[in-house]
Amino acid sequence: MAYVPLADQEQELHHPHSWVTKYVWSQDHKVIAVQYGGTAIAVGVVALVLSLLMRLQLGFPETFDLIDPSSYYQSVTMHGMIMVVYLLTALFLGGFGNYLIPLMCGARDMVFPFLNMLSYWVYLLSVLILMASFFVGEGPTGAGWTLYPPQTNMAGTPGHDSGIVLMLLSLAVFIVAFTMGGLNYVVTVLQNRCRGLTMMRLPLSVWGIFVATCLGLFAFPALLVSAIMMLFDTLLGTSFFMPAVIESGTPLDHNGGSPILFQHLFWFFGHPEVYIVALPAFGLVSDVLSTHARKNIFGYRMMVWAIIAIGGLSFIVWAHHMYVSGMHPYFGFFFATTTLIIAVPTALKVYNWVLTLWEGDIRLNAPMYFAIGFIFTFIHGGLTGLFLGNVVIDLPLSDTYFVVAHFHMVMGVSPVLVLFAALYHWYPKITGRMFHEGMAKVHFWCTFLGTYAIYLPMHYLGFLGVPRRYYALGSTDFIPQSAHDLNTTITIAALFVGASQLLFFINIFWSLRNGKKADPNPWGSASLEWQTPDTPPVHGNWGPELPTVYRWAYDYSVPGAHQDFIPQNTPESVEPTVDEQHFDPDHDVSKADL
Amino acid sequence: MSIFKLLADKSWERKGIIGGLRPTGAFDTAPERVALVFFLVVATVVFSLFTVGYFIRMELPDWAPIEDPAKLWFNTGLLVVSSVLFQWARNIADSGSRKNIKTAFIGGGVFAVLFIAGQLSAWGDLNAAGYYVASNPAASFFFLLTGVHAVHMLGGLWVWSKSSIRLLSGSEIKDVRLSIQLCTLYWHFLLIVWLVLFAVLSNT
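Chains as they are written, first to last, in the numbering used here: chain A, 395 to 988; chain B, 16 to 219.
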């Protein structure tokens with residue numbers, strides 16, 4: 395039996411009849427996207443505040459009495475886990491994935507709207523479980539975001555009683571939520587594209603989100619498996635990961651478990667997780683750069699291939715996080731090699747972004763500021779990744795501030811800059827209002843220069859050998875006074891960057907009411923989401939008729955065209971249509987038939 | 016179209032409508048089936064990682080095998096019957112007939128419930144033999160793996176119960192055919208997973 399996709403059928407939509415079904419129990423992908431985005435940003439603010447508390451302690455070790463060593467470690471742990479999983483993953487995939495996939499695919503909604511709604515509420519439940527750990531027992535776990543056993547379960551680790559249980563439970567619930575959402579994203583991209591929209595006509599945002607979702611679906615199980623097994627160890631006294639260990643002179647009941655097994659499972663999830671965050675960022679920034687440079691993305695096919703190659707390779711580099719855990723030299727050689735190989739498609743993408751800008755008609759507005767800023771920070775973080783990918787360089791730099799600087803540049807600052815670029819870029823479509831351009835640019839400069847002021851000196855601290863994860867450095871010979879002063883400077887920069895994020899919140903909330911009414915397509919973008927009949931798009935997105943796509947998403951500055959972009963749903967009247975039966979990618983129809 | 020051909024498309028050169036109503040690259044099947052296949056891959060990764068963990072843990076010095084309850088063979092038989100009944104239901108649904116479909120489909124679920132009851136009974140046998148979840152790493156894995164498998168089965172039974180209610184309330188076959196097909200696929204998958212787990216648990 396042949397099926398036509400939902401996009402071409404009269405899809406049964408659950409039209410909301412009340413405020414509650416429209417904005418709370420909504421099955422509309424756009425509302426769910428805003429719910430995901432709002433929750434992720436809210437919990438991200440919690441993580442930001444935690445980081446500022448840590449910086450106050452590090453910059454002014456004996457001045458403030460805000461946190462003690464235990465709450466310092468709890469802050470480290472919660473900051474890391476919230477930022478990586480509950481903010482970045484949820485905002486890129488739950489937020490932008492939900493908003494953009496159906497619109498960019500010319501669909502009315504996700505394939506399974508009810509499951510999509512369920513995904514958000516289960517995600518919210520996971521956030522609430524995580525937040526609950528602040529209010530129980532000793533508070534949240536302080537084992538570090540990697541949750542390495544046996545430390546997680548030892549009495550000296552804060553939150554070893556209930557904090558760790560809530561963390562693991564929350565992660566398991568998050569994975570259930572992600573799987574429900576992820577199945578929706580993947581199936582919608584595959585099955586629910588509108589007429590004429592081939593996979594290679596999709597904007598790179600969809601490609602990035604699609605491949606990242608596949609990574610998530612295949613990598614999160616590793617975290618689920620390790621979380622379940624560690625819950626068994628914690629609650630039921632098994633010894634999957636817990637070795638024989640003596641705590642305060644008393645042997646614990648555990649015996650013979652393998653902490654290294656946990657590390658392998660954790661990083662088998664953990665490294666793809668980097669790309670679960672990075673690939674959507676790659677996709678979104680490509681579209682922002684191309685639109686505001688008024689040029690097609692350079693090397694579209696290469697960009698798609700690179701996304702797929704990076705996705706595949708991300709599953710065979712995980713043990714580069716474990717060089718100091720002890721491994722066979724050949725094992726280290728293998729993972730160092732794969733790590734350096736993954737730099738090739740990644741570098742290719744960077745070249746293509748720069749070449750997209752080359753001789754473009756660049757419009758330097760706020761989203762473009764953030765997108766170009768991302769290229770800087772990503773190159774920076776990527777290059778330090780090449781250092782750390784080599785075993786011999788990693789060993790002395792491991793557990794120093796160099797590592798902190800590296801991963802914050804590459805998967806903290808860089809994706810966050812893309813998030814801001816994307817939030818500003820799509821804000822007019824989401825809200826129907828323009829944001830305040832000047833405020834957004836001030837926000838950019840404060841964030842961009844501020845984060846450099848934070849992380850550039852950290853590389854130097856790392857070279858000095860200043861260790862990470864220390865509550866206080868105290869007085870040691872190898873750490874000169876200048877390093878302490880640098881720490882103070884970093885803290886001041888961090889406070890400045892933290893405070894400057896208020897500009898973002900003021901801007902988006904102020905503009906909701908006071909912003910100029912947005913045109914349907916204020917940036918002159920060619921992709922489908924800007925061609926909706928209503929702005930913001932109403933439930934069902936497309937009015938009575940679904941769009942038909944005639945071209946790829948990057949027809950900018952086409953010679954002879956009457957404006958500098960041609961929307962994807964604009965017919966090419968002089969060119970014949972191409973039938974599927976005659977499809978031959980190597981056959982240049984447009985030239986051959988004209 | 017092969018995936019390589021699809022990815023080689025120079026989309027910037029080709030204008031006009033490509034493909035018919037079904038977009039190129041889409042699978043010629045219901046979206047629910049595509050989603051289920053993706054989910055089965057995810058579940059395969061979960062079970063594979065548990066199994067890899069099992070083999071790695073086995074290599075450690077304190078590993079001591081346990082005697083698996085003999086009734087696992089009987090339970091396996093129950094699951095095989097369950098799977099066969101689902102396949103029977105599917106064949107009937109595919110032919111468009113209603114004859115015996117309730118017996119086959121509901122019977123398949125009932126045998127799955129009996130399988131879970133059998134597994135619980137096997138847990139009881141292990142407890143009676145002195146093996147609890149934390150008393151031995153092999154026992155820990157036994158409870159873990161059978162438990163995770165049973166949880167997957169309970170998820171399937173939830174969908175089965177919804178479809179059964181529709182079937183019993185007189186829904187047209189064409190309205191429940193897809194549910195029956197997907198339940199059958201899922202049951203076969205869980206049978207294969209169980210056979211692999213059973214082989215691993217029995218031989219180590």
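Glycine included, every Cβ here is placed at the ideal spot set by N, Cα and C.
Exercise. Name the chain A residues whose beta carbon is nearer than 8 angstroms to that of Trp138 of chain B?
Worked result: Correct list: empty, because the minimum Cβ distance to chain A is about 13 angstroms.
Practice prompt. Using a cut-off of 8 angstroms between C-beta atoms, extract the partners of Ser876 of chain A located in chain B.
Written response: Under the 8 angstroms cutoff, chain B gives no residues; its nearest Cβ is about 46 angstroms from Ser876 of chain A.
Looking at chain B, which residues of the region 899-925 of chain A have a Cβ within less than 9 angstroms of any of its Cβ atoms? none
*asked:* Within 8 angstroms of any Cβ in chain B, is that where the Cβ of Gly491 of chain A sits?
replied: no
**Study point:** Anticipated Cβ contact below 8 angstroms, Leu182 of chain B with Val174 of chain B, distance rounded
**Key:** Contact flag wrong, Cβ pair sits at about 12 angstroms.
message = I believe Met624 of chain A touches Phe572 of chain A by the beta-carbon criterion, under 8 angstroms. Please report the beta-carbon distance rounded to the nearest angstrom.
response = That belief does not hold up - the Cβ atoms of Met624 of chain A and Phe572 of chain A are roughly 19 angstroms apart, past 8 angstroms.
(Q) Does the CB of Asn649 of chain A have a neighbour CB from chain B at under 8 angstroms? (A) With its beta carbon less than 8 angstroms from one in chain B, Asn649 of chain A belongs to the interface.
Where the alpha helix (DSSP H) through Lys424 of chain A begins and ends
His423 to Gly453
Close-in-space but distant-in-sequence residues of the same chain around Val163 of chain B (CB under 6 angstroms, 5 per side omitted):
none
Local conformation of Arg907 of chain A per DSSP, three classes:
helix
Discussion item. According to DSSP, simplified to helix, strand and coil, what is Glu47 of chain B?
Written reply: helix
_Do Gly489 of chain A and Tyr430 of chain A count as a contact pair if the criterion is CB distance below 8 angstroms?_
For Tyr430 of chain A and Gly489 of chain A, yes; Cβs fall inside 8 angstroms.
- Message: For the alpha helix (DSSP H) containing His164 of chain B, name the first residue and the last one.
- Response: Pro152 to Leu183
Original post:
Per DSSP, what kind of secondary structure is Arg589 of chain A in: helix, strand or coil?
Top reply: strand
- prompt: In chain B, which residues lie less than 7 angstroms from Arg945 of chain A when you measure between Cβ atoms?
  reply: Lys30
(request) Enumerate, from N- to C-terminal direction, the unbroken alpha helix (DSSP H) stretches of 4 or more residues contained entirely within the region 785-849 of chain A. (result) 785-791, 795-802 and 808-825
message = Counting only beta-carbon separations shorter than 8 angstroms, does Thr199 of chain B have a partner in chain A?
response = no
Review point. What are the boundary residues of the alpha helix (DSSP H) that Met716 of chain A is part of?
Key: Where Met716 of chain A is concerned, there is no enclosing alpha helix (DSSP H), given that its DSSP letter is neither H nor E.
**Asked** Among A:Asp949, A:Leu922 and A:Arg945, which residue has its Cα nearest to the Cα of Trp936 of chain A?
**Response** A:Leu922
| Can you find at least 3 beta carbon pairs, one from the region 744-751 of chain A and one from the region 657-665 of chain A, that sit closer than 8 angstroms? | The region 744-751 of chain A makes no contact with the region 657-665 of chain A, as fewer than three CB pairs between them are under 8 angstroms.
Contact check, Leu444 of chain A vs His473 of chain A under 8 angstroms by CB: the rounded distance? 4 angstroms
Around the C-beta of Glu939 of chain A, are 16 or more other C-beta atoms found within 10 angstroms, so that it is buried, or is it exposed? exposed
Helix, strand or coil at Thr950 of chain A according to DSSP, with G and I counted as helix
Correcting the residue type first, residue 950 of chain A is Tyr in the shown sequence and not Thr. Note: Tyr950 of chain A maps to strand in three-state DSSP.
### Simplified DSSP assignment, three categories, for Ile691 of chain A
coil
key: Under 8 angstroms by beta carbon: chain B residues contacting Ala616 of chain A   = Val60 and Leu64
Can at least three beta-carbon pairs, one atom from the region 496-512 of chain A and one from the region 689-696 of chain A, be found at a separation below 8 angstroms?
no
Could you give the uninterrupted runs of the beta strand (DSSP E) lying entirely in the region 67-126 of chain B, keeping only those of 3 residues or more? none
*asked:* Residues of the region 669-690 of chain A in Cβ contact with chain B at a cutoff of 7 angstroms, in chain order, please.
replied: Asn690
Exercise. Could you tell me which residues DSSP pairs with Ile640 of chain A in its beta bridges?
Key: For Ile640 of chain A, which the question treats as bridged, DSSP gives the partners A:Pro645.
Three-state secondary structure (DSSP) of Thr929 of chain A | coil
**Study point:** Exposure label - Phe213 of chain B; buried when at least 16 CB within 10 Å
**Key:** buried
Check: Taking just the CA atoms, how far does Gln957 of chain A sit from Leu206 of chain B?
Finding: 60 angstroms
Requested in this report: Anything in the region 137-161 of chain B with a Cβ closer than 7 angstroms to a Cβ of chain A? List those residues in chain order, please.
Outcome: Residues passing the 7 angstroms Cβ filter: Val148, Ala149, Pro152, Ser155 and Leu159.
| Quick one: does Gly557 of chain A have its CB under 8 angstroms from some CB of chain B? | no
Discussion item. Is Asp402 of chain A close to chain B? Criterion is C-beta to C-beta, closer than 8 angstroms.
Written reply: For Asp402 of chain A, the predicted structure reports a pLDDT of 47, less than 50, and the residue's modelled location is therefore unreliable. A value from the coordinates is still provided. Closer than 8 angstroms: yes.
Subject >> Separation of Ser179 of chain B from Ile121 of chain B, as counted between CA atoms >> reply: 6 angstroms
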